[in-house]
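Working notes, structure below.
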Amino acid sequence: MAASEGGGREEVKQQFTTREGGYTLMRLSEYSRPTRLTYNSQNHLPVKVSFISINDNTGCNDKIFFNVGRELYFYPYKGVRKAADLTKPSDKRTYKGSTLPTCHDFNQLTASPKGVSLIVGFSAGQVQLIDPVGRENSKIFNEERQIEKSKVTTLRWVPGTEHMFLVAHVSGSMYQYNEELEPVATAPFYQVLKQGEDYAVLTCKSKVPRNPVQRWVIGEGALYEFAFSNDTKYIATASHDGFMRVFHYDTMEKYGSMKSYFGGLLCVCWSPDDRYIVVGGEDDFVTVWSFHEKRVVARGRGHNSWVNVVSFDPYTTDVLPPNMDVYASDDDITHDSNHRDRSFSSYSRTSVHSGTGDGPPALSYRFGSVGQDTQLCLWDFSEDQILNFQPNRTRTSTQLSQSAQCNNVPHGKEASSLHPDGTQTLSNRPTDKSKEKSKKDSISRTPRQQYLSKIHETIMCMGSKAIGTTLCPKLDDVFRLEPLITKKIAYDRLTTLIFREECIVTGCQEGIINTWARPGKVGMSQHAAASGTVV
Amino acid sequence: MQSSASAVVYTVPQDSFTRGSHQIMTCMSSEPKVQSKTCFSFPFKMGVGSSGLVNDIGPEHFPPNERYFGLVNFGNTCYCNSVLQALYFCKPFREKILGYKSQPKKKETLLSCLADLFNHINTQKKKTGVIAPKKFVAKLKKENDLFDNYLQQDAHEFLIYLLNTVADLLQAEKPTDKGTLKGKPGTPNGKLNGNNNESKPEPTWVHDIFQGTLTNETRCLCCEGVSTRDEDFLDLSVDVEQNTSITHCLREFSNTETLSHEYKYYCENCCSKQEAQKRMQVKKLPQILALHLKRFKYAEQYHRYTKLSYRVVFPLELRLLNTSDGAESSDKLYDLVAVVVHSGSGPNRGHYITIVKSHGFWLLFDDDIVEKIEVSAIEDFYGTATDVQRSSESGYILFYQTRDV
Ligand SMILES: [Zn+2]
Chain A
1 MAASEGGGRE EVKQQFTTRE GGYTLMRLSE YSRPTRLTYN SQNHLPVKVS FISINDNTGC
61 NDKIFFNVGR ELYFYPYKGV RKAADLTKPS DKRTYKGSTL PTCHDFNQLT ASPKGVSLIV
121 GFSAGQVQLI DPVGRENSKI FNEERQIEKS KVTTLRWVPG TEHMFLVAHV SGSMYQYNEE
181 LEPVATAPFY QVLKQGEDYA VLTCKSKVPR NPVQRWVIGE GALYEFAFSN DTKYIATASH
241 DGFMRVFHYD TMEKYGSMKS YFGGLLCVCW SPDDRYIVVG GEDDFVTVWS FHEKRVVARG
301 RGHNSWVNVV SFDPYTTDVL PPNMDVYASD DDITHDSNHR DRSFSSYSRT SVHSGTGDGP
361 PALSYRFGSV GQDTQLCLWD FSEDQILNFQ PNRTRTSTQL SQSAQCNNVP HGKEASSLHP
421 DGTQTLSNRP TDKSKEKSKK DSISRTPRQQ YLSKIHETIM CMGSKAIGTT LCPKLDDVFR
481 LEPLITKKIA YDRLTTLIFR EECIVTGCQE GIINTWARPG KVGMSQHAAA SGTVV
Chain B
1 MQSSASAVVY TVPQDSFTRG SHQIMTCMSS EPKVQSKTCF SFPFKMGVGS SGLVNDIGPE
61 HFPPNERYFG LVNFGNTCYC NSVLQALYFC KPFREKILGY KSQPKKKETL LSCLADLFNH
121 INTQKKKTGV IAPKKFVAKL KKENDLFDNY LQQDAHEFLI YLLNTVADLL QAEKPTDKGT
181 LKGKPGTPNG KLNGNNNESK PEPTWVHDIF QGTLTNETRC LCCEGVSTRD EDFLDLSVDV
241 EQNTSITHCL REFSNTETLS HEYKYYCENC CSKQEAQKRM QVKKLPQILA LHLKRFKYAE
301 QYHRYTKLSY RVVFPLELRL LNTSDGAESS DKLYDLVAVV VHSGSGPNRG HYITIVKSHG
361 FWLLFDDDIV EKIEVSAIED FYGTATDVQR SSESGYILFY QTRDV
């Protein structure tokens with residue numbers, strides 16, 4: 001196999017073709033540091049990209065924001081047209097010291113030409129609220145690291161709110177902050193708001209409202225990513241323990257879950273109509289979970305390593321026209337231009353941003369994934385394929401009630417009164433029914449330890465027993481997705497994938513952010529340059 | 001044969017330690033405001049004494065009946081130390097070795113020396129410290145010329161030599177069968193005697209723990225006849241590629257390959273050499289799956305082995321995707337329990353260390369130094385993602401153990 005020799009030197013692709021047409025790398029649209037440094041070990045944090053659109057009469061409403069190593073950059077984003085002058089960022093920040101930016105999110109609701117609210121997560125657990133447009137004073141949350149010390153993995157504004165945001169950490173905790181509340185320097189004390197078998201929601205014991213407003217402790221190990229449903233009612237989480245969990249956000253009830261085939265889950269996203277969730281992770285698979293059926297319905301194998309990002313393409317998630325079963329011609333555009341034109345004309349991007357999930361279901365879904373193998377995969381599936389799939393064996397998956405299976409682990413009898421934070425005593429100790437507040441501190445570690453130990457055993461048990469159930473069907477028992485395309489498009493791990501109306505944006509750990517024009521969207525200024533180098 | 005491995009489960013508190021400055025320090029210009037403290041990098045090389053380890057773990061969380069002892073390096077013996085530590089933390093192996101020790105004293109062999117060493121660690125009064133594996137290393141050098149020098153050796157070769165030797169010694173000590181056994185120590189990939197039915201020696205507990213079976217399927221492209229042959233293995237050696245996962249490497253290992261030109265296959269049916277397709281899949285999954293990443297590659301132009309530092313990620317939890325159709329419990333779940341890590345540029349230079357999972361937390365053994373590491377630090381041992389030459393600490397032998405459900 002050619003791939004086995006010096007994988008890193010293998011040619012990266014500059015275009016690819018799917019059934020709707022050819023996608024072309026806009027080489028003049030590349031964003032990166034103004035001066036490209038040689039590879040540097042500091043780049044061990046993923047490069048993430050956030051977009052915001054502000055009607056600021058500059059002729060370029062779209063703005064791009066990204067982190068590379070110690071730096072944050074803010075530029076006008078010109079899409080498939082030539083990139084902005086990289087030597088003149090609208091805003092640039094460099095962080096010294098040992099805490100570095102890891103991720104960021106704009107509040108789309110409050111953005112205006114006067115200012116925007118951007119939250120940035122840091123590797124030592126802090127969160128900074130900044131305004132790269134209006135340059136308002138910034139605020140720091142968890143500055144003294146008394147709320148949380150571990151790295152921020154994902155943060156997002158709670159959809160539809162102006163001041164609430166959620167921050168997930170490597171510790172497995174997720175905090176809700178209200179940016180209007182004054183920072184408090186003291187460490188929080190928590191009380192339980194809601195508790196399930198493998199998660200808990202806590203709130204601060206405090207006379208006045210304070211941050212964090214809520215603390216979610218989910219599963220075991222890192223919480224890598226979370227995503228709100230488009231109707232904003234549900235939140236899906238992807239964790240190192242291999243579980244994807246869906247919660248009703250307001251009631252904090254667990255709605256459902258699934259388990260990776262093995263290893264941690266690194267990313268999660270919702271279909272535009274909220275009927276499917278796709279996850280990716282350390283089993284190299286992309287896995288499709290049906291929201292209504294609460295079961296794994298498909299797995300796709302296309303990556304040669306862990307899957308870092310999954311994302312639906314709302315502009316290509318569409319009604320499948322009749323007798324269009326032509327699949328991607330794998331490589332470049334050299335052949336079959338007739339087919340391309342035809343398919344393109346019947347595949348304009350009809351956005352299916354139905355939002356509420358009440359509309360008619362999309363018949364065909366498109367999503368993409370990027371991974372540590374430096375590859376981009378695109379995937380199509382239809383509800384028909386999933387509904388019509390019959391396992392080729394007679395054996396069927398058994399529906400298993402997970403709670404029934406894993407409750408009788410050791411410590412189970414104490415579970416009801418175990419506090420995730422260890423701040424409560426065990427109520428079923430025969431000798432001290434009354435709460436001994438004075439001894440709280442001295443014995444607090446033990447219940448916490450026991451709580452963690454119980455969670456650990458519960459999750460190990462759930463993890464091992466999930467195989468062959470709807471949480472984690474056997475390989476042959478679910479529909480197997482084949483990638484539409486699999487393309488090596490970078491020299492380093494890919495960490496960003498965003499579908500926009502006229503292009504796809506990808507970013508890799510080296511700090512290079514690329515724009516791929518959709519079929520027919522190649523900017524005129526770049527057309528000559530791009531077509532001149534077709535290989 | 002399952003040994004009860006998990007009696008008490010401890011979980012590490014999630015909060016990491018506060019070290020260094022973690023203040024957010026922005027500067028819009030390049031003016032150096034505050035002296036920036038260097039970010040600590042894993043593994044911690046802070047010279048924590050053994051009491052430091054107890055403190056790191058927390059005296060109240062230190063697992064009872066567990067000992068964490070470093071091993072003295074006698075001059076390039078880290079290949080040996082790293083493998084010994086990995087095997088010590090393969091619980092089923094340790095328990096068998098300790099069980100062997102408790103049997104009546106026999107003559108001194110590499111196995112008895114290993115049993116003495118494990119027992120010596122296991123019966124220490126202190127919980128942490130350093131031990132000199134003097135007797136074991138002396139015996140090793142006496143028994144095998146290959147190791148009788150002060151050169152760095154290949155940890156994988158040592159592992160296979162050790163497992164085969166222990167198995168041979170156990171077979172030789174069995175009172176019942178006499179003389180028929182001929183193990184082949186040092187056979188590449190630890191493939192024992194293949195499948196020659198009658199002469200196949202009775203399996204020992206080494207086989208019970210590490211041995212799996214590959215089924216080798218060859219299809220003649222002329223007559224379409226398929227022949228299958230089973231081979232036992234103690235570990236699997238897989239090729240590595242840049243920016244892939246161990247899952248991918250295993251899949252490549254089992255991919256169909258075409259035998260043609262000078263590699264044609266002699267078909268019994270056609271009675272001639274024919275082109276054929278061949279693939280190897282796992283038919284019996286071992287209790288402990290040892291995976292050897294072939295990072296050392298002979299470079300013709302340099303006339304020596306070079307190292308492939310490719311980034312190959314390995315999950316803490318694994319299932320095999322390259323099993324054959326009839327394989328029993330082909331979807332059993334494995335947990336990563338130990339990794340022998342190589343740093344440096346080639347097999348005969350550089351350094352070996354080992355990370356192990358013990359009672360829910362991870363420890364790093366670097367000869368006489370033992371440190372607790374965060375699970376997130378394991379990613380430092382995947383290798384390097386770009387081809388820029390850097391000395392890398394990269395996983396070399398992975399030990400996955402079946403999870404008892
Ligand atoms: Zn034949």
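The listed protein sequences correspond, in order, to chains A and B.
Per the UniProt record's numbering, the first sequence starts with residue 1, numbered consecutively.
Per the UniProt record's numbering, the second sequence starts with residue 1, numbered consecutively.
All residues carry an ideal CB built from backbone N, CA and C; glycine is no exception.
The beta strand (DSSP E) enclosing residue i, as first and last residue numbers
| i | result |
| --- | --- |
| A:R480 | 479 to 481 |
| B:I362 | The residue you asked about is not Ile; residue 362 of chain B is Trp in the sequence shown. Element bounds for B:W362: 361 to 366. |
| B:E231 | 226 to 233 |
| B:C78 | First-last for B:C78: 78 to 88, but that is the alpha helix (DSSP H), not the beta strand (DSSP E). |
| B:C267 | 265 to 267 |
| A:F499 | 494 to 499 |
| B:E66 | Looking at the DSSP string, B:E66 is not in any beta strand (DSSP E), and its letter there is neither H nor E. |
Which of helix, strand or coil DSSP assigns to residue i
| i | result |
| --- | --- |
| A:T24 | strand |
| B:F381 | helix |
| A:R299 | strand |
| A:I386 | helix |
| A:W306 | coil |
| B:D148 | coil |
| A:D380 | strand |
| B:H351 | strand |
| A:E11 | coil |
| B:Q35 | With a pLDDT of only 30 at B:Q35, under the threshold of 50, the placement of this residue in the model should not be trusted, and no figure is reported. |
| A:R135 | coil |
| B:T386 | coil |
| B:R295 | coil |
| A:Y315 | coil |
| B:Q281 | strand |
| B:E300 | helix |
Amino acids of chain A, ordered along the chain, whose beta-carbon sits closer than 9 Å to that of residue i
| i | result |
| --- | --- |
| B:N119 | The premise fails here: B:N119 is roughly 30 Å from chain A at the closest Cβ pair, so nothing lies under 9 Å. |
Cross-chain neighbours of residue i in chain A, by beta carbon under 7 Å
| i | result |
| --- | --- |
| B:I353 | Per Cβ cutoff of 7 Å: no residues; B:I353 is ~19 Å from chain A at best. |
| B:S376 | V170 |
| B:Y319 | The identity of residue 319 of chain B in the sequence shown is Arg, whereas the question assumes Tyr. Those are Y261, F262, listed as they occur along chain A. |
| B:P63 | Simply none; closest approach about 12 Å. |
| B:R403 | S464 |
Chain-ordered neighbours of residue i on chain B, where CB pairs are closer than 8 Å
| i | result |
| --- | --- |
| A:N304 | E241, N243, T244, S245, H248 |
| residue 568 of chain A | Examination of residue 568 of chain A is not possible in this model, given that chain A is present from 1 through 535 alone. |
| A:I140 | I24 |
Per-residue contacts from residue i into chain A (C-beta, under 8 Å)
| i | result |
| --- | --- |
| B:G360 | H456 |
Anticipated Cβ contact below 8 Å, residue i with residue j, distance rounded
| i | j | result |
| --- | --- | --- |
| A:T496 | A:V49 | 5 Å |
| A:Y249 | A:Y234 | 6 Å |
| A:V213 | A:Y177 | 6 Å |
| B:K283 | B:V240 | So it is not a contact: roughly 24 Å between Cβ atoms. |
Residue i: contacting residues in chain B (beta-carbon distance under 7 Å)
| i | result |
| --- | --- |
| A:I512 | Within 7 Å Cβ-Cβ: nothing; A:I512 doesn't reach chain B, min ~12 Å. |
| A:D56 | Here the premise fails: no neighbours, minimum Cβ distance about 21 Å. |
| A:E282 | P315 |
| A:S470 | The question names Ser, but residue 470 of chain A in the sequence shown is Thr. Going along chain B, no residue has its Cβ under 7 Å from A:T470, so there is no contact; the nearest lies around 15 Å. |
Contact list for residue i against chain B, beta-carbon separation under 9 Å
| i | result |
| --- | --- |
| A:R493 | N243, R311, A385 |
| A:Y75 | In chain order: nothing, as chain B lies at least about 16 Å away. |
Where the alpha helix (DSSP H) containing residue i begins and where it ends
| i | result |
| --- | --- |
| A:H163 | It is not in any alpha helix (DSSP H) - A:H163 carries neither H nor E in the DSSP assignment. |
| B:H342 | Premise fails: B:H342 lies in the beta strand (DSSP E), 334 to 343, not in any alpha helix (DSSP H). |
| A:S245 | The amino acid occupying residue 245 of chain A in the given sequence is Arg; Ser does not appear at that position. Careful: A:R245 lies outside any alpha helix (DSSP H), inside the beta strand (DSSP E) at 243 to 248. |
| B:D404 | Counting along the chain, B:D404 falls outside any alpha helix (DSSP H), and DSSP gives it neither H nor E. |
Item to complete: Taking only runs that begin and end inside the segment 47 to 112 of chain A, name each unbroken alpha helix (DSSP H) of 4 or more residues, in chain order.
Response: Fully enclosed alpha helix (DSSP H) runs of 4 or longer: not present.
Worksheet item: Which runs of the alpha helix (DSSP H), 4 residues or longer, sit entirely within the UniProt repeat "WD" (258 to 299) of chain A?
Response: Restricting attention to alpha helix (DSSP H) runs no shorter than 4 residues, the UniProt repeat "WD" (258 to 299) of chain A encloses none.
Discussion item. Runs of 3 residues minimum, wholly inside the segment 161 to 236 of chain A: which ones carry the beta strand (DSSP E) assignment?
Written reply: Along the segment 161 to 236 of chain A, the beta strand (DSSP E) occurs as fully enclosed runs of 3 or more residues at 164 to 169, 173 to 178, 190 to 195, 199 to 204, 214 to 218, 223 to 228, listed in sequence order.
Worksheet item: Going along the chain, which unbroken runs of the beta strand (DSSP E) with 3 or more residues stay wholly within the segment 300 to 332 of chain B?
Response: The qualifying runs are 304 to 307.
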